[in-house]
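S.K.: These protein sequences, in sequence, are chains Y, P, R and B. Everything in the first sequence is counted per the numbering used here, starting at 1 for the first residue and increasing by one. Everything in the second sequence is counted per the numbering used here, starting at 1 for the first residue and increasing by one. Everything in the third sequence is counted per the numbering used here, starting at 1 for the first residue and increasing by one. Everything in the fourth sequence is counted per the numbering used here, starting at 1 for the first residue and increasing by one. The C-beta atom is built at its ideal place from N, Cα and C for all residues, glycine as well. Note that the coordinates shown come from a computational prediction; the quantities given were computed from them, not determined experimentally.
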Amino acid sequence: MTNTAQTIDPALYAAVTDAIRAEAKKVLEAGAAAAVVGWQAGRRQGTAMPAIITDPAKVAELIFSPACVNNLALYLSKAKKEIRARGRIAIVVKGCDLKALVGLMGENQLKREDLHVIGVVCAGVQRAGAAKDIPLSEETIAGKCRECTVHTPEGADVTVGTLPDLPHFTPVESEELSRLEAMTPAQRWSFWKEHFARCIRCYACRQVCPFCYCEQCLCDRNRPQAVETTPRPAGNMAWHIVRAMHLAGRCAGCAECERVCPMDIPLNLLNRKMAKELKELYGHEAGFEVKEKGPLAQYREDDDQSFIK
Amino acid sequence: MTPAKKLLSYSYYPGCSLHASAKEYDESTRGLFKALGIGLKEVPDWLCCGATPAHNVDELLSLSLCAKNLSLAEGVEGDLAVACAACFSRLKVTQHHLADNETKRKQVEYAIAGAVNLQKPVKHLLEILAKDFGLDRLTEAVQKPLSGLKVACYYGCLLTRPPEVPELDCVEAPTIMERVIGAVGAETVRWSHRMECCGANFTLSRPGVVLKLSGSILDSAKAAGADCLMVACPLCHGNLDIRQKEIEEATGERFGMPVFYMTQLLALAVGVAPGKLGFDSMIVNPLPLLKEKGLV
Amino acid sequence: MSRIGVFVCHCGENIARTVDVEKVAAEAARLPGVAYATDYKYMCSDPGQNLLKNAVAEHRLDGIVVAACSPRMHEKTFRNAAKSAGLNPFLCEMANIREHCSWVHEDRDEATAKASDIVAMMVARVKKDKRLVPITVPVTKRALVIGGGIAGIQAALDIADAGHQVVLVEREPSIGGHMAQLSETFPTLDCSQCIMTPKMVDAANHPNITLHTYSEIESVDGYIGNFQITVRKKARSVIEEKCTGCGVCSAKCPQKKIPNAFDKNLGTRPAIYVPFPQAVPNTPVIDRANCTWFKTGKCGVCQKVCGPGAIDYEQEDRLIVEPVGAIVVATGFELYSITEKPKGSPIKGYGEFGHGTIPDVIDGLTFERLASASGPTGGKILRPSDGREPKQVVFVQCVGSRAREKGISYCSKICCMYTAKHTMLYKHKVHDGQAYVFFMDARTPGKSYDEFWRRAIEEEEAVYIRGMVSRLYQKGDKIVVMGSDVHVGVQVEIEADLVVLATAVQPRAGADTLAQKLGISYDSYHFYSEAHAKLKPVECATAGIYLAGACQGPKDIPDTVSQASAAAAKVMTLFAKDELEREPIVAKVNEKNCVACLYCKKVCPYGAVEEKEIRDRQGNLIRVVAYVNPGVCGGCGTCQASCPSKSVELDGYTDEQIMAMIEAL
Amino acid sequence: MHAHKENHAFEPKIVAFVCTWCTYAGADLAGTARLQYPANTRVVKFPCTGRIDPVFILRAFQKGADGVLVSGCHPGDCHYMAGNFHARRRFAAFRALLDFIGVDLNRLQFSWVSAAEGGKWVEVATELTERVRAMGPMREFRELETEEQWSGAIDTPELQAAYEAIP
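1) Got a sec: which bits of the segment 79–112 of chain B sit with their beta carbon under 8 angstroms from any beta carbon on chain R, in order along the chain?
2) Sort out for me which residues DSSP pairs P/Met-230 with in a bridge.
3) Taking a Cβ distance cut-off of 7 angstroms, strictly less, list which residues of the segment 37–53 of chain B are near chain R, in chain order.
4) Nearest CA to the CA of Y/Val-227: which residue from R/Ala-37, R/Ser-645, R/Phe-294 and R/Pro-198?
5) What span of residues does the beta strand (DSSP E) with R/Asn-226 cover, start to end?
6) Taking just the CA atoms, how far does R/Arg-236 sit from R/Thr-213?
7) Going by C-alpha to C-alpha distance, which of R/Val-119, R/Ala-35, R/Leu-132 and R/Ile-658 sits closest to R/Glu-583?
8) Of all Cβ atoms in chain R, is any one closer than 7 angstroms to the Cβ of P/Ser-192?
9) So is R/Arg-505 buried or exposed if we call it buried at 16+ other beta carbons inside 10 Å?
10) By Cβ distance, which residues of its chain are closer than 8 angstroms to R/Val-603, with the 5 residues on each side in sequence left out?
11) Where does P/Lys-104 sit, in a helix, a strand or coil, going by DSSP?
12) To the nearest angstrom, report how far apart R/Thr-268 and R/Glu-241 are at their CA atoms.
13) Could you round the C-beta distance between Y/Ile-52 and Y/Ile-20 to whole angstroms and report it? I think they count as a contact, below 8 angstroms.
14) Which residues does DSSP pair with R/Phe-333 in a beta bridge?
15) Write down the C-beta distance between R/Leu-335 and R/Asp-363 rounded to the nearest angstrom, noting that I regard them as a contact closer than 8 angstroms.
16) Using the Cα positions of R/Glu-93 and Y/Tyr-299, report the straight-line distance between them to the nearest angstrom.
17) Tell me where the alpha helix (DSSP H) around R/Ile-153 begins and ends.
18) Should Y/Pro-153 be listed as close to the ligand ATP, given that the test is whether its C-beta is under 6 angstroms from any heavy atom?
19) Rounded to a whole number of angstroms, what is the C-alpha to C-alpha distance between R/Ser-116 and B/Ile-14?
20) Closer than 7 angstroms, Cβ to Cβ, to anything on chain B: give me those residues from the segment 83–116 of chain R, in chain order.
21) Three-state secondary structure (DSSP) at P/Glu-187?
22) By a C-beta neighbour count over all protein chains shown, 10 Å radius and 16 as the cutoff for buried, is P/Lys-68 buried or exposed?
23) Under 7 angstroms between C-beta atoms, does Y/Ile-20 make it to chain B?
24) Would you tell me roughly how many angstroms separate the C-alpha atoms of P/Ala-130 and P/Leu-47, rounded to the nearest one?
25) Check whether the Cβ atoms of R/Ala-706 and R/Ala-203 sit closer than 7 angstroms, and answer yes or no.
26) Quick check on the DSSP output: the alpha helix (DSSP H) that includes R/Thr-136 runs from which residue to which?
27) Let me confirm a value: Y/Gly-87 is counted as buried when at least 16 other C-beta atoms fall within 10 Å, else exposed. Which label applies?
28) Classify R/Ile-64 as buried or exposed, calling it buried when 16 or more other Cβ atoms lie within 10 Å of its own Cβ.
29) Listing by chain order, which chain R residues have their CB less than 7 angstroms from the CB of Y/Lys-293?
30) May I ask you to list, following chain order, the residues of the segment 545–578 of chain R that have a beta carbon less than 8 angstroms from some beta carbon of chain A?
31) Does the beta carbon of R/His-206 come closer than 7 angstroms to any beta carbon on chain P?
32) Find the residues of chain R that neighbour B/Thr-129, judging by a C-beta separation of less than 8 angstroms, and give them in chain order.
33) Using the Cβ count rule (16 or more neighbours within 10 Å means buried), how would you classify R/Ile-622?
34) Determine the chain R residues that contact P/Val-171 at a beta-carbon separation under 7 angstroms, and present them in chain order.
35) Rounded to whole angstroms, what is the Cα-Cα separation between P/Lys-293 and P/Lys-92?
36) How about Y/Lys-25 and Y/Val-69: do their beta carbons lie closer than 7 angstroms?
What follows is the structure in structure tokens.
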């Protein structure tokens with residue numbers, strides 16, 4: 001962590017930006033896609049935001065930078081539903097975003113043939129609140145990117161960019177997971193109780209999650225009310241448990257929930273834990289191939305039942 | 001048309017017999033591989049595999065011997081080529097057994113003071129020739145087709161058994177030997193005793209048993225019209241070749257059936273000089289037969 | 001505000017001994033929404049039920065809780081009482097304060113407190129109960145029987161005799177199945193064809209049976225009472241309506257040397273043929289793969305000689321749609337082939353028996369053809385290789401069966417008996433011959449079965465050797481059988497003239513594909529699974545589909561016929577009413593909220609969930625939602641527990657009902 | 001004859017979610033056989049364990065259950081063929097989640113009790129009751145119910161001062 005090679009060369013992002021623009025122009029001009037969902041520069045220096053480009057003349061607005069944190073799969077699952085009606089859509093995805101797309105295909109929400117997937121090789125994106133416009137480093141890189149296994153998306157229609165040599169980053173998320181796993185239940189309870197007590201039930205986590213596409217969330221129902229809706233500790237605890245359970249076996253780990261949480265609740269820890277459990281129990285990993293049935297929609301007669309008397 | 005042929009290279013575990021009674025198996029193996037352009041590098045400092053007796057006496061010893069050999073083989077590149085059917089069986093059984101049994105694996109690892117190499121692919125020469133090298137290429141390499149030579153391929157007990165372990169071919173009705181020797185032009189006969197036991201190391205303690213068992217093998221091969229037998233195991237070779245005269249005396253039937261190692265016949269076909277194939281160390285002289293067929 | 005009535009039963013002393021029933025009733029009366037509460041000695045008695053009925057009228061009750069025994073005991077009773085009082089029966093619930101309380105607790109205070117809790121939970125539940133009406137599904141009183149062997153024929157005849165239409169579909173050109181191939185049947189040794197062919201003719205001539213031979217099931221749609229079956233009628237190249245069955249075409253066909261599969265390839269047949277003389281229908285079929293006309297475009301002899309002009313070389317496969325209300329699957333079995341390992345099967349071959357290379361090693365069915373008077377040898381036992389009469393025959397049982405290491409662990413059930421029969425038939429035909437049988441166990445549980453087997457040994461002098469055979473090989477014109485005799489503990493070698501292997505009974509090839517079309521489940525061997533091994537042995541879990549015969553597991557003829565009649569009885573029960581009535585405990589989709597992730601479809605054990613398209617008036621697709629077919633839904637509720645947004649709900653067990661109970665704790 | 005009955009300082013509430021075909025019938029059988037067990041269990045009947053939503057377990061704890069039992073048919077015995085297989089996976093995942101949140105899994109018992117296993121029902125119900133009784137009340141969820149948003153976690157001096165300044 002001492003030498004200068006501990007940063008990621010920004011050249012990758014510039015090269016990818018050019019390639020995205022070229023590909024977007026190509027598909028829009030050829031009519032192979034009605035719109036391209038990607039990122040464009042944000043209003044503030046060094047930020048980025050989602051963009052939907054339909055005019056080939058405007059492809060130069062598209063960018064890729066460490067600020068391109070958003071998981072654009074969201075724009076195909078529930079937000080901006082109107083663009084899906086336009087026909088085949090091109091979408092720019094990082095490896096982690098692609099896993100969400102794959103999951104959505106398995107859940108009948110997207111069809112592969114309706115998409116033109118532009119995969120981008122990604123070395124990492126910024127963590128929330130990091131200083132902009134400086135190369136990614138141990139200080140500024142997002143937690144999920146430190147132990148990313150999908151820098152290069154697999155199965156996209158085109159994949160652009162070449163992965164540079166990456167510095168070694170401390171895997172803070174798995175370290176934190178191990179730390180929690182080593183605690184006693186009582187310690188874990190107080191850890192989560194404290195975190196969940198702060199939750200203001202803004203539902204940003206739900207809003208940003210590509211998999212929370214239900215028309216009506218169970219937690220908004222009042223006949224019966226399964227989860228108390230006011231931001232009180234009891235309802236908060238229930239909400240986060242239900243959320244983690246509903247994402248189990250589906251969440252592909254984009255960690256957008258955690259990024260958007262205004263109260264800095266480490267939500268991705270729950271997702272990571274469930275993913276880990278389902279991998280250990282049933283060898284399931286979300287997002288690598290389109291599976292007709294997730295791990296909780298199928299069974300084997302010889303599944304583990306050591307916990308059942 | 002044909003893709004660039006990849007150069008095959010193997011580490012090689014000859015085993016004790018091939019350095020002693022089955023020298024001609026070793027010589028012809030090396031000759032054959034050289035002629036085919038397949039690399040073969042002997043594992044340094046290898047030890048006995050325990051063969052047929054060790055596992056009946058001390059299981060841990062027999063597993064440790066092979067585990068040690070596997071760890072020695074780690075130092076030599078390439079899959080491990082094995083000629084002797086008994087060595088092949090022991091090495092495979094060791095890998096299979098230790099992969100399933102953690103307790104034993106730990107004991108063995110303690111005994112050999114190192115990790116067991118469960119990953120190294122152990123391959124019999126037949127597998128190398130039929131699968132890695134390919135029968136088409138083998139046919140291409142033929143200089144002197146063995147046409148007219150009627151061969152009875154004898155598998156013995158160990159090449160395909162026990163069922164889960166070697167996975168060389170169909171357990172009870174393999175054809176891999178026939179396919180390999182067929183590829184160099186020989187004619188193979190359909191006969192009944194391809195898989196029967198020759199008596200193995202009863203040859204020393206209960207020779208009577210061996211005379212009966214090996215006798216019925218020779219008898220059956222002869223009845224099927226074979227000119228010669230082809231084997232892949234030094235122990236079988238010993239019983240069928242060295243004891244053949246005694247068998248003839250005991251049964252009063254004359255066989256005069258040369259017993260070749262598979263590599264001897266294959267090497268002959270691909271043009272290795274007959275003088276380098278150890279035909280002179282065989283008890284039943286094969287030269288009259290080979291001359292008759294115009295092969296030497 | 002609800003007006004719930006609570007009725008606490010004393011059950012004589014059974015409840016009242018440990019539960020203070022008056023107190024429970026008094027506490028129930030204080031629960032919000034309870035308009036009336038009382039206790040009574042025997043609620044299930046006539047006066048008890050009348051008390052309930054009167055209270056409903058008098059207090060205008062809109063829900064009832066009977067605190068008494070287990071609902072498994074009297075729920076029906078009280079729901080009927082509620083119904084006769086004009087209340088929807090599903091608004092009546094039982095609080096189990098006997099089995100779950102008074103009988104298992106001795107402390108009066110504790111038991112009373114618990115009983116009150118249970119009543120409170122059920123009161124909370126009943127407030128959330130909905131009026132439910134039984135589901136009715138119209139029933140098409142027409143049955144499909146798949147497979148024209150003895151099972152299919154029996155089922156078809158039974159259903160047809162009951163006055164219902166039956167469509168019988170058979171893959172082969174003739175019905176009859178395996179039973180038509182057998183020589184004699186155990187344990188009576190009556191001639192198989194003599195008892196089988198009349199049934200075949202009955203089936204063909206029955207006014208209620210439509211026969212589709214040389215046909216297969218193309219697709220299956222619909223559900224119980226309302227299936228749509230598409231049958232592929234393969235091109236026979238012979239117009240059935242015109243053909244008189246005179247047989248001139250077969251006699252004149254120049255292609256005569258085609259191995260006859262019906263005779264296990266021992267005999268030959270022409271290219272235009274009926275599989276066997278007693279075939280039903282007696283209409284030939286052209287085997288296009290072997291017909292000179294189809295191969296070269298020349299010949300046409302059959303067309304020339306056919307008087308009625310029934311030969312049609314241009315005929316094509318036809319698809320026929322048949323609406324039916326119930327399906328009987330009777331696809332039967334085939335024998336495990338030792339010649340090669342079946343593709344894609346976990347079952348391994350028998351290399352040690354020569355992989356089918358020894359001509360005089362045959363299977364049991366081949367022996368049947370040899371022994372059959374109408375077989376290729378006219379009933380003489382002759383070796384396939386040289387036509388000589390075998391003097392030593394070795395029978396080997398359990399070839400493939402009960403052989404875990406070969407991939408099958410089940411017992412094929414019929415081999416012990418038919419091998420005993422074979423030894424007898426052999427002895428009757430070859431008086432100086434000797435039969436040997438290698439066996440593991442003799443399994444003869446059936447009426448007169450063991451006596452039959454004993455007779456084979458004691459009177460017909462078959463030598464039974466307990467032990468298995470390790471290897472067979474040809475030696476000259478003999479087959480050396482190497483085996484063991486475990487009773488004596490020695491190795492045995494027999495030089496046989498003929499070896500007969502009792503190979504395992506397996507489901508028909510393609511059984512899995514058919515099951516997928518039907519939506520029924522099967523085991524790892526592809527035998528079809530019954531809904532319950534003991535109590536629903538002929539029903540499939542998929543409603544409206546029934547099993548008969550060996551497709552469900554190895555079976556002999558008596559068992560097969562019994563099961564076929566049982567399946568027919570089930571079909572008749574279904575057809576007894578014009579509409580099928582079911583308990584309305586089924587799942588329903590809230591289409592407004594459903595986003596069609598189809599989690600429900602993925603977990604549904606009944607295949608009851610379908611995709612439903614919602615379209616606007618112009619027919620444009622708006623969206624897709626899940627739809628639960630109430631005729632198919634089994635009512636387990638796995639869909640609801642799985643649905644993230646709870647857009648599917650199981651009537652009778654809604655989230656509201658359950659949550660109300662939990663909250664009443 | 002009455003068995004000696006102890007008086008306990010704490011009697012836990014146990015909620016049992018059971019399927020109607022196996023465990024409910026098993027509990028009925030325990031009654032028919034007059035087997036005795038602690039009176040702490042309250043049974044909620046489901047058609048199948050496949051119908052049991054993890055939310056119900058959560059709700060039970062929130063509403064004051066000290067222990068929860070989920071019980072259904074043995075694998076292969078499910079009246080609906082596969083409901084219990086689905087439930088098995090669902091609850092394997094759910095209990096891992098609860099464990100990670102910090103719920104003591106000793107309060108949550110899963111079992112297979114067939115219609116013939118009245119004895120097993122008694123054993124399971126007794127064991128869970130005794131275990132939970134020894135553990136004491138399930139305070140965690142109950143505390144949450146009584147707590148308010150600002151009760152403690154954000155505890156800066158400024159906030160504290162502001163809070164106290166409220167008349």
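M.R.: With the given structure in hand:
1) His-79, Tyr-80, Met-81, Ala-82, Gly-83, His-86, Ala-87 and Arg-90
2) By one-based count along the second sequence, residue 230 of chain P stands at place 230. Partner(s): P/Cys-153 and P/Phe-260.
3) Tyr-37, Ala-39, Arg-42, Val-43, Val-44, Phe-46, Pro-47, Cys-48, Gly-50, Arg-51, Ile-52 and Asp-53
4) In the first sequence, the residue the question calls residue 227 of chain Y occupies position 227. That would be R/Ser-645, whose Cα lies nearest to the Cα of Y/Val-227.
5) Taking the third sequence and counting its residues from 1, one reaches residue 226 of chain R at position 226. R/Asn-226 -> beta strand (DSSP E) spans 226–233.
6) Against the third sequence, residue 213 of chain R aligns to sequence position 213. Against the third sequence, residue 236 of chain R aligns to sequence position 236. Cα-Cα distance, rounded: 10 angstroms.
7) For the purposes of this step, residue 583 of chain R is taken as residue 583 along the third sequence, with counting starting at 1. For the residues R/Val-119, R/Ala-35, R/Leu-132 and R/Ile-658, the minimum Cα distance to R/Glu-583 belongs to R/Leu-132.
8) Against the second sequence, residue 192 of chain P aligns to sequence position 192. It does; some Cβ of chain R falls within 7 angstroms.
9) Here residue 505 of chain R refers to the residue found at position 505 when the third sequence is read from its first residue. One detail in the question is off: residue 505 of chain R reads as Val in this sequence, not Arg. With 16 or more Cβ atoms within 10 Å of its Cβ, R/Val-505 is classed as buried.
10) By 1-based counting over the third sequence, the position of residue 603 of chain R is 603. Contacts found: Thr-638, Cys-639 and Ser-642.
11) For the purposes of this step, residue 104 of chain P is taken as the residue at position 104 of the second sequence. Helix.
12) For the purposes of this step, residue 268 of chain R is taken as residue 268 along the third sequence, with counting starting at 1. For the purposes of this step, residue 241 of chain R is taken as residue 241 along the third sequence, with counting starting at 1. Distance between the alpha carbons of R/Thr-268 and R/Glu-241 is about 27 angstroms.
13) Stepping through the first sequence from its first residue, residue 52 of chain Y is reached at position 52. Stepping through the first sequence from its first residue, residue 20 of chain Y is reached at position 20. Y/Ile-52 to Y/Ile-20, Cβ: 14 angstroms. No contact.
14) By 1-based counting over the third sequence, the position of residue 333 of chain R is 333. Its beta-bridge partners are R/Pro-507.
15) By one-based count along the third sequence, residue 335 of chain R stands at place 335. By one-based count along the third sequence, residue 363 of chain R stands at place 363. Rounded, the Cβ-Cβ distance is 5 angstroms, consistent with contact.
16) Counted from its first residue, the third sequence places residue 93 of chain R at position 93. Counted from its first residue, the first sequence places residue 299 of chain Y at position 299. C-alpha separation (whole angstroms): 34 angstroms.
17) Numbered from 1 along the third sequence, position 153 holds the residue referred to as residue 153 of chain R. R/Ile-153 -> alpha helix (DSSP H) spans 150–161.
18) Absence of the ligand ATP is noted for the structure shown, with no ligands found whatsoever.
19) Numbered from its first residue, the third sequence carries residue 116 of chain R at position 116. Numbered from its first residue, the fourth sequence carries residue 14 of chain B at position 14. So the two alpha carbons sit approximately 15 angstroms from each other.
20) Arg-98, Glu-99, His-100, Trp-103, Val-104, His-105, Glu-106, Asp-107, Glu-110, Ala-111 and Lys-114
21) Here residue 187 of chain P refers to the residue found at position 187 when the second sequence is read from its first residue. DSSP places P/Glu-187 in strand when its eight states are reduced to three.
22) By 1-based counting over the second sequence, the position of residue 68 of chain P is 68. Per the 10 Å Cβ criterion, buried.
23) For this step, residue 20 of chain Y is matched to residue 20 along the first sequence. Cβ-Cβ to chain B under 7 angstroms: no for Y/Ile-20.
24) The sequence position of residue 130 of chain P within the second sequence is 130, counting from 1. The sequence position of residue 47 of chain P within the second sequence is 47, counting from 1. Cα to Cα, P/Ala-130 sits roughly 28 angstroms from P/Leu-47.
25) Beyond the ends of chain R as shown, which are 1 and 665, falls residue 706 of chain R; an answer cannot be given.
26) The residue given as residue 136 of chain R occupies position 136 in the third sequence. No alpha helix (DSSP H) contains R/Thr-136, which is instead part of the beta strand (DSSP E) from 135–138.
27) Position 87 of the first sequence, counted from the first residue, corresponds to residue 87 of chain Y. When all chains shown are included, Y/Gly-87 counts as exposed.
28) As a position in the third sequence, residue 64 of chain R is number 64, starting the count at 1. Buried.
29) Within the first sequence, numbered from 1, the residue matching residue 293 of chain Y stands at position 293. Per Cβ cutoff of 7 angstroms: Lys-602.
30) Annotation note: the requested chain A is absent from the structure, which comprises protein chains Y, P, R and B.
31) The residue given as residue 206 of chain R occupies position 206 in the third sequence. It does not: the Cβ of R/His-206 has no partner Cβ on chain P nearer than 7 angstroms.
32) Along the fourth sequence, one-based indexing puts residue 129 of chain B at 129. Within 8 angstroms Cβ-Cβ: nothing; B/Thr-129 doesn't reach chain R, min ~12 angstroms.
33) Indexing the third sequence from 1 puts residue 622 of chain R at position 622. Under this definition R/Ile-622 is an exposed residue.
34) Looking up residue 171 of chain P in the second sequence gives position 171. Residues of chain R passing the Cβ test: Gly-351.
35) Along the second sequence, read from residue 1 onward, the residue named residue 293 of chain P stands at position 293. Along the second sequence, read from residue 1 onward, the residue named residue 92 of chain P stands at position 92. Between P/Lys-293 and P/Lys-92, the C-alpha separation is close to 38 angstroms.
36) Along the first sequence, read from residue 1 onward, the residue named residue 25 of chain Y stands at position 25. Along the first sequence, read from residue 1 onward, the residue named residue 69 of chain Y stands at position 69. Going by C-beta atoms, Y/Lys-25 is not nearer than 7 angstroms to Y/Val-69.
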